[in-house]
Every structure is written in C-alpha cells, then in structure tokens.
Amino acid sequence: DLDEAVRAACAGDAGAFGTVYRAVQPPLLRYLSSLVGQDAPDVGSETWLQATRDLHRFSGDGQAFRGWVVTIGRHRALDHLRAAGRRPSDPVEPGLMPEQGTRDLTWEGAQESTSTGRALALIQRLPPDQAEAVLLRVVVGLDAPTAARVLGKRSGAVRTAASRGLARLEQLPEVRPEEPGGSVPDPAALKQMR
Numbered sequence: 744d745l746d747e748a749v750r751a752a753c754a755g756d757a758g759a760f761g762t763v764y765r766a767v768q769p770p771l772l773r774y775l776s777s778l779v780g781q782d783a784p785d786v787g788s789e790t791w792l793q794a795t796r797d798l799h800r801f802s803g804d805g806q807a808f809r810g811w812v813v814t815i816g817r818h819r820a821l822d823h824l825r826a827a828g829r830r831p832s833d834p835v836e837p838g839l840m841p842e843q844g845t846r847d848l849t850w851e852g853a854q855e856s857t858s859t860g861r862a863l864a865l866i867q868r869l870p871p872d873q874a875e876a877v878l879l880r881v882v883v884g885l886d887a888p889t890a891a892r893v894l895g896k897r898s899g900a901v902r903t904a905a906s907r908g909l910a911r912l913e914q915l916p917e918v919r920p921e922e923p924g925g926s927v928p929d930p931a932a933l934k935q936m937r
C-alpha cells in the first residue's frame, strides 16, 4: 500500500522509500518527458534529489505524495526549460521513452514503451492546458484536487480540461482500435478515463 510506504519512508525507512520510488517514478518520467523530452531522466533525478532533501517536511498519504513529487518535478522541468531557453516540449519519439526502472526490456515491454510514446505524442497535440490535465489525471494518476494543486488551478478547471482533452483525443484519426490488442488507444477506453 502506497500510503503505508509513504509514512514509513517519511520515518526514515529506506526500503519503504524504494517502494515509493518504484511506484511514483514511471508515471513521473512519462510526465516529465512530455515537458522536457529526452532530458526527463536528468530532471527526474533532480526531482528525487529535492524530494529526499525535503522529505522530512512532507505529510500526507500516497496520493498527496504523488502530487508533491510531480509538483517538484514540474518546477524542476520549468527551471530546466528556462535555463535551456526553450519552450515545452520537444516531442519524444515513440520507443524512446525513458524505461520504467530496472524492468527487463522484453517484447511486451518494448511494445508498451512504443505505445506509451505514441500516446504521449498524441497528447502533445492537445492545447497545453488540456495536455497537462490529461497527463496528470490519466498518465500520472492524480485525482482532480491533487492535479489542481500541481497546476495552481481549481479542480473543476482541471476536470474540464482533462475531459475536453480526452474528447479531442477521441476525434483524432489516429485514435481508433486497429485490432484486439492493438497499440492505438481505443476510444471507449478514453471515455472510461474521464
């Protein structure tokens, strides 16, 4: 349970921190890659460095921890973009997504990575507010109030932006089922994410 692991990590349990890291890192990297492209692993490292330094200040459950780490990551990503003098985001090519930790790169893993890259490329075609709302709600898995805190917006605005973004994604010609088990998102699955 992430809530328990977060409490234990905050109390100094290194094993629990590893559990929390493995749960939060993959969606964090996917989110950061939408902002900074191939620099996501570096920005992710900076994010975790700050999170470990400030862990003693954190209080809350697993969902709040995800939001807290994503907020740190977002700030680090924006700092990175300002320092590099560029705007979000350089698209990540399918198949070049940062891998999810130490998992073996199997055929299924490669397909999942490519599918994730395609999904992120489609999301990046949305207006920025909708793209970020979809990323935080669907990819990172934050609830609307937590995503709203990350973005500094009201939860209703985040819900609306995510819903509109998902509706736009459904309209893209690339978003249709190819065949059972295909790698293109199914419009019915997008509706369930709202």
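Position one of the sequence shown corresponds to residue 744 (this note's numbering), numbered consecutively onward. Every residue, glycine too, gets a C-beta built ideally from N, C-alpha and C. Note that the coordinates shown come from a computational prediction; the quantities given were computed from them, not determined experimentally.
Rounded to whole angstroms, what is the Cα-Cα separation between residue i and residue j?
i	j	result
Ser-788	Gly-758	18 Å
Gly-810	Leu-885	7 Å
Pro-888	Gly-828	31 Å
Asp-782	Ile-866	18 Å
Leu-939	Leu-869	Residue 939 lies beyond the residue range present for the chain, which begins at 744 and ends at 937; the question has no answer from this structure.
Arg-819	Arg-892	16 Å
Asp-785	Arg-861	22 Å
Arg-817	Asp-756	26 Å
Lys-896	Ala-890	8 Å
Ala-752	Thr-814	19 Å
Ala-864	Val-779	13 Å
Glu-917	Arg-773	20 Å
Asp-872	Ala-904	7 Å
Who are the near neighbours of residue i in its chain, counting only those whose CB is closer than 6 Å to its CB and skipping five residues on each side?
i	result
Ala-748	Ala-759, Thr-762, Val-763
Go through its chain and collect everything with a Cβ distance to residue i's Cβ below 7 Å, but skip five positions before and after it.
i	result
Val-812	Val-767, Leu-771, Thr-790, Ala-794
His-823	Val-779, Asp-782, Val-786
What would DSSP say about residue i, mapped onto helix, strand or coil?
i	result
Pro-916	coil
Ser-776	helix
Leu-869	coil
Between residue i and the rest of its own chain, which residues show a CB-CB distance below 8 Å, the 5 nearest in sequence each way excluded?
i	result
Ser-802	Cys-753
Original post:
If we count Cβ pairs, one from each stretch, closer than 8 Å, do we get three or more for the segment 792 to 804 versus the segment 769 to 778?
Top reply: no
Original post:
So does the segment 906 to 919 actually touch the segment 867 to 877, counting three or more Cβ pairs closer than 8 Å?
Top reply: yes
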